[in-house]
Structure formats: structure tokens, C-alpha cells
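Note that my numbering has the sequence shown beginning at 52, numbered continuously upward. Glycine residues also receive a C-beta, built at the ideal position from the N, C-alpha and C atoms. The structure appears right after this line, and notes come after that.
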Amino acid sequence: MMTRRALLVCGGMAWLAAAVFAQTPQAVVLITLDGARIEEIFGGFDAAIVQSELKSGQRLEDQPLYKRYWAATPEARREKLMPFFWGTLMREHGSIAGNPAMGSRVHLTNRHWFSYPGYSEILVGRAHDDVIKSNDPTRNPNRTVLEFLQSSQGLSRQQVAAFASWDVFRAIVEHREGALTVNAGYQRFDSPDPEVRRESELQFATPTPWDSVRHDAYTVRFAMDHLARHRPRVLYLALGETDDWAHDGRYDRVLEAFTRTDRFLKELWEWLQSQPEYR
52 MMTRRALLVC GGMAWLAAAV FAQTPQAVVL ITLDGARIEE IFGGFDAAIV
102 QSELKSGQRL EDQPLYKRYW AATPEARREK LMPFFWGTLM REHGSIAGNP
152 AMGSRVHLTN RHWFSYPGYS EILVGRAHDD VIKSNDPTRN PNRTVLEFLQ
202 SSQGLSRQQV AAFASWDVFR AIVEHREGAL TVNAGYQRFD SPDPEVRRES
252 ELQFATPTPW DSVRHDAYTV RFAMDHLARH RPRVLYLALG ETDDWAHDGR
302 YDRVLEAFTR TDRFLKELWE WLQSQPEYR
């Protein structure tokens with residue numbers, strides 16, 4: 052069996068991953084977290100947000116979020132928030148860009164600064180502001196990096212897959228509908244595993260406050276099932292709760308979403324490392 056080491060990419064480096072993929076027998080796993088701010092990614096718990104919401108007489112130091120996530124330095128706070136990401140991936144295996152405190156900046160080229168244009172820029176490699184200018188679920192008019200890898204490497208529909216919590220990703224990830232395996236939003240997922248089938252039905256019985264976004268836990272579970280059964284060469288995992296709880300003003304849930312995502316990353320990484328063809 053040919054070894055194809057997995058390249059795990061968190062964020063907007065999709066086309067760089069594609070360039071590496073094209074030269075060596077790799078697998079690419081691209082992961083995005085919607086609305087993840089640099090403040091939390093690089094600095095962890097933002098005490099100013101909690102401080103601004105305190106009533107007269109309340110002390111920051113008495114708040115549950117402070118007790119759980121506070122530490123003296125940004126480095127310690129971010130590792131409390133995402134211990135696996137900062138303790139294993141970044142310290143031992145990876146690199147990261149975009150920390151302005153270290154003089155590293157990553158810039159968007161689209162002028163809209165919201166979801167669909169940003170995701171299209173990641174997946175297409177450049178902005179198309181004149182065409183993609185809303186979050187409406189209109190079919191992406193441009194071929195994405197997922198489709199490029201599929202055609203350039205001769206991959207099947209099952210070998211290039213996208214799993215997303217937001218249903219608009221059904222339109223974002225592919226120019227030609229049906230070219231890839233796509234499961235996004237409240238959408239049933241078929242599996243020979245009865246437990247996964249039960250979770251597929253359970254997603255409809257455990258709605259989020261947002262009609263178009265399911266819980267990330269279901270998205271991850273279905274992606275992991277597809278990964279184990281079909282062994283894709285390209286997997287895109289798009290998570291959303293870090294953004295949606297922020298829109299609802301629930302900073303506590305935002306931090307919990309970061310920590311859950313960190314556990315998802317740990318589960319995914321350890322599974323990949325356990326498989327000879329991905330290790």
C-alpha cells in the first residue's frame with residue numbers, strides 16, 4: 052500500500068495544500084472554523100468581553116468563565132482554550148500565520164468580509180466580489196480547489212468530500228453540482244453503521260437556534276464515518292458554532308465551541324495517526 056501522509060490544514064491555505072498534494076502522494080484535510088477571531092485563537096479568553104457585561108458589584112474574578120479560562124499570559128490562555136491545538140499540533144507538528152502580535156498578518160482580498168465570499172476566496176484562490184456578494188445559496192460560478200484536485204488526480208466522488216454545519220456549503224464547495232460528496236446543514240447521512248444512522252436522525256431532533264446550521268458534533272461524526280469507510284484523499288470539514296454563538300451574544304458558548312473543536316481536532320489527528328496510509 053502506498054503511504055500518503057495526511058496534510059492537516061486549519062484555515063485558508065487550501066491552494067498551498069493543493070500544490071503540495073500535486074507533487075507527492077498526500078491526503079489533504081482542510082478545516083475551517085467560522086468566525087474564529089484572532090483574539091481567541093492567539094490570546095484565549097478575552098476578559099474585556101466578560102468585564103463589559105458585568106453588573107454593578109460583580110467581580111470579574113468571580114465569574115465561571117474567568118475561573119475556567121483565565122491565565123496570566125496570552126500563550127497560557129490560548130492553551131487553556133485549545134490545549135491540543137497549541138500543545139500538540141503547533142508545538143510539535145505545525146506552523147501558524149496571522150498573529151499580529153508577532154508581526155504576522157493574513158489579509159482577505161474580498162471586500163465583503165462575510166461568510167460566502169470568504170469561503171469562496173479560500174476555495175477558489177481569489178475574490179469574485181462582483182458575483183459572490185451575499186450569503187444566498189447560489190451555486191459557486193467558479194471551480195473550487197476541491198474540484199481541481201478531483202480532476203487533476205483522477206479521484207472519485209467519494210475520494211473528495213466536504214462536510215459542513217452550514218447548509219449554504221452545498222452551493223459553495225462545488226461549481227458542478229454532484230461532483231463531490233457533500234453533506235451540509237440539516238441533511239441526512241447514510242451509513243451502514245446503525246449508530247451513525249441514528250445520529251443522522253437525531254440531528255433533526257436536536258435543533259440549534261439557527262435554521263440553517265446544525266451542531267458541529269454531527270458534522271464531525273459524519274465526516275469521521277466517511278473518512279473511515281471511503282478513505283478519501285481530500286476532506287473538507289467546515290465548522291460553524293464559533294460564529295453562530297457569537298452572533299447570539301453567548302460568549303460562554305463561543306469558548307465552549309472552541310474547546311469542543313479542539314477535542315474534535317484531537318480525535319481526528321489521533322485517528323489519522325493510527326492509519327498507516329494517513330500517518
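- Note that the C-beta distance between glutamate 104 and tyrosine 237 is not below 9 Å.
- In its chain, beyond the 5 residues on either side, no residue has a beta carbon closer than 7 Å to the beta carbon of arginine 119.
- Counting the other CB atoms within 10 Å of its CB gives glycine 205 a total below 16, which places it among the exposed residues.
- Around the Cβ of glycine 300, a 10 Å sphere holds fewer than 16 other Cβ atoms; the residue is exposed.
- Counting only runs that start and end inside the region 197-255, the beta strand (DSSP E) elements of at least 3 residues fall at 211-215 and 232-235.
- Contact annotation, tyrosine 287 with alanine 78: C-beta distance approximately 12 Å; criterion of less than 8 Å not satisfied.
- For the set Phe136, Ala222 and Pro327, the Cα lying nearest the Cα of glutamate 318 is the one of Phe136.
- For leucine 159, the secondary structure class from DSSP, reduced to helix, strand or coil, is coil.
- Here arginine 129 is buried, its C-beta having at least 16 other C-beta atoms within 10 Å.
- The C-alpha of arginine 311 lies about 18 Å from the C-alpha of proline 260.
- In this structure, DSSP gives leucine 105 a state outside helix and strand, which the three-state scheme calls coil.
- Proximity of the region 180-191 to the region 265-280 falls short of the contact definition, fewer than three beta-carbon pairs being nearer than 8 Å.
- The residue from Pro327, Trp320, Gln326 and Ser325 with its alpha-carbon nearest to that of glutamate 143 is Trp320.
- For threonine 293, the uninterrupted alpha helix (DSSP H) run begins and ends at 292-298, by DSSP.
- Looking at the DSSP output, threonine 312 shares a beta bridge with no other residue.
- Contact check between the region 240-250 and the region 220-227: fewer than three CB pairs, one atom from each, fall below 8 Å, which does not count as touching.
- Bounds of any alpha helix (DSSP H) do not take in leucine 84; it lies within the beta strand (DSSP E) bounded by 78-84.
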